[in-house]
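Residue numbers (my numbering): 41 to 496.
Glycine included, every Cβ here is placed at the ideal spot set by N, Cα and C.
Owing to the predicted nature of the structure, the values given are computational and were not obtained by experimental measurement.
Below is one structure, written out as structure tokens; the observations come after it.
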Amino acid sequence: MRKVLALALAVVVAGACTGDARPPIGRPSPEPEPERPNVLLVVTDDMRVDGLQAMPETVDWLMDGGRAYTNAYATTPLCCPSRASIFTGLYAHNHGVLKNKDSHDLDTDRTIQAYLQEAGYRTAISGKYLNSWSVEEDPPYFDRWASYSGRYFGKPFNINGRAVETDDYSTYHIGKRALGFLRGFERNDEDPWFLYVATVAPHTPFTIPRQYRGADVPIMGRRILDLPDPVPRERNVSDKPDIRGREFALEKPRKLQRKQWRLLLPVDDIMRRLRTGLRRMGEERDTLVIFTSDQGLLQGEHGLYAKRLPYTESIQVPMLLRWPGHIDQSRESRLVANIDIAPTIAELAGIDAEMDGRSMLATVTREELFIEQLDNWRVGLPDWRSIRTEEFQYVEYYDPDGELMDREYYDLTNDPFQLTNLFGDLDPDNDPDVEPLEQLIEAYSECSGDLCFSRP
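Following this line, the structure appears as structure tokens:
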């Protein structure tokens, strides 16, 4: 436990012995400083929400014992831009990281690790930092680090400024380093800490450790996790924009899903070890734990195997929070996003910083969420911007010159699987009024700060 708690108790006892346990009459009692939690942030790679079926330890710890947000999304469903949004609480159009090769465009002075370090937190990272960040480069604003660029075997780690080769399976190595950082924090327990743990799992290539290659997955049913049944096969996608790769059928992805879930079993192992480590150190009740992914992945839905696209399976992410005694056990359907992670941490750490997102613990909720993906034409996919609410999703697609080329609109209340694009079903009578939707897209595409949360 924190040494400061023991020190505070000693002061109280000493005051009682001298008859000075309370402040003199007329002098106001000093306001107690708000409790600042340790922060453990775990981020997986390309993990769909249904991957939680393969993670019973994580579900037991964080979903059954904490808060789950069932409408959580990545505001840019691509690895590096999304991770930049997690670090900064900013939209991609504000932090400038639009593609995976843009990692050095990030202003690291505006990251949550920079703010926390300045506020007296000890900071550490174990695992993937940012795409295209060389292993020779140290990740800024981390006091300790074991960072690397990805893959399951054969990639060196930068361990506190030194390149280290390892034969370990990367997920387990990341967990081992993370536990080492926790033990280091415990040896100097006066200040809170921030630990960022990022696995490459369940990203391709599907390199499954030997003990799980034949594992029976999923372990839990979808209903237990409040997940809808799998999307029915969409035999006709003529209502949708012509996007490269729409010939991908659903039968093959079932095999890919099993591979992804087997890759998540080692992640569940390290989550169990982190939980055990926190408990043994007496830090579990003092620690805010957040679990999420950088984005999801389409695995045959709408004939696609891809991220970078606005459909639910690509943009939706798990979002689990736990801080015993401070965050109640619940499941919330409010719209939240990766840009809300940094503001949530900042609020609880007493940090004031301008961000586009808002704390997930705030009572006020957003009416709609803006989602964007630019520089997509580099990989043969269109750029797009979207508005998502609990009731509908509207998408605009743009050609390489930025001109509008197509639209989609889904009534999520009556069509949760996005099977019928009302702009493409050849029935003009059910088309929504497009003018206010265009105005919303235009306003959000340039938003910053408060205007990214409440309707511009």
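So, under 8 angstroms CB-CB, residue i and residue j are touching, yes? Tell me the CB distance rounded to an integer number of Å.
i	j	result
residue 120	residue 172	7 angstroms
residue 410	residue 115	7 angstroms
residue 329	residue 80	5 angstroms
residue 311	residue 109	Incorrect: roughly 18 angstroms between the Cβ atoms, too far for contact.
residue 459	residue 471	With 8 angstroms as the limit, residue 459 and residue 471 do not qualify as a contact, their Cβ atoms being about 17 angstroms apart.
residue 342	residue 299	At roughly 21 angstroms, the Cβ-Cβ gap does not stay under 8 angstroms, so residue 342 and residue 299 are not in contact.
residue 14	residue 381	Because the chain here runs from 41 to 496, residue 14 falls outside it and cannot be looked at.
residue 389	residue 76	5 angstroms
residue 82	residue 257	About 20 angstroms separates the two Cβ atoms, so there is no contact after all.
From the DSSP output, which residues share a beta bridge with residue i?
i	result
residue 240	None; residue 240 has no bridge partner.
residue 446	437
residue 488	None; residue 488 has no bridge partner.
residue 187	167 and 198
residue 333	84
residue 362	329
residue 204	197
residue 233	162
residue 432	451
residue 346	338
List the endpoints of the continuous beta strand (DSSP E) containing residue i.
i	result
residue 167	162–168
residue 81	78–84
residue 110	107–113
Could you pull the start and end residues of the alpha helix (DSSP H) that residue i belongs to?
i	result
residue 384	381–389
residue 134	132–135
residue 127	119–128
residue 355	352–355
residue 427	No alpha helix (DSSP H) contains residue 427, which is instead part of the beta strand (DSSP E) from 423–428.
residue 412	It is not in any alpha helix (DSSP H) - residue 412 instead sits in the beta strand (DSSP E) that spans 409–413.
residue 377	Taken as a continuous stretch (DSSP letters only), residue 377 belongs to no alpha helix (DSSP H), being part of the beta strand (DSSP E) at 370–377.
residue 213	210–227
residue 158	152–158
Could you tell me whether the Cβ atoms of residue i and residue j are closer together than 9 angstroms?
i	j	result
residue 369	residue 123	no
residue 89	residue 235	no
residue 324	residue 313	no
residue 333	residue 87	yes
residue 206	residue 239	no
residue 164	residue 127	no
residue 138	residue 337	no
residue 265	residue 474	no
residue 362	residue 101	yes
residue 24	residue 85	There is simply no residue 24 to check, as the chain begins at 41 and stops at 496 in what is shown.
residue 253	residue 302	yes
residue 493	residue 396	yes
residue 438	residue 428	no
residue 402	residue 152	no
residue 422	residue 446	yes
residue 168	residue 187	yes
residue 432	residue 271	no
residue 198	residue 180	no
residue 412	residue 133	yes
residue 285	residue 346	yes
In angstroms with no decimal places, state the Cα-to-Cα distance between residue i and residue j.
i	j	result
residue 416	residue 372	32 angstroms
residue 129	residue 348	19 angstroms
residue 241	residue 344	21 angstroms
residue 488	residue 145	18 angstroms
residue 231	residue 465	59 angstroms
residue 93	residue 321	29 angstroms
residue 339	residue 408	26 angstroms
residue 350	residue 435	7 angstroms
residue 304	residue 378	20 angstroms
residue 223	residue 353	37 angstroms
residue 486	residue 405	21 angstroms
residue 192	residue 375	33 angstroms
residue 66	residue 327	Caution is warranted here: a pLDDT of 44 is assigned to residue 66, below 50, making its placement in the model unreliable, and the coordinate value is therefore given only provisionally. Looking at the two C-alpha atoms, the distance is approximately 37 angstroms.
residue 195	residue 112	31 angstroms
residue 177	residue 467	55 angstroms
residue 219	residue 274	45 angstroms
residue 160	residue 484	34 angstroms
residue 453	residue 287	27 angstroms
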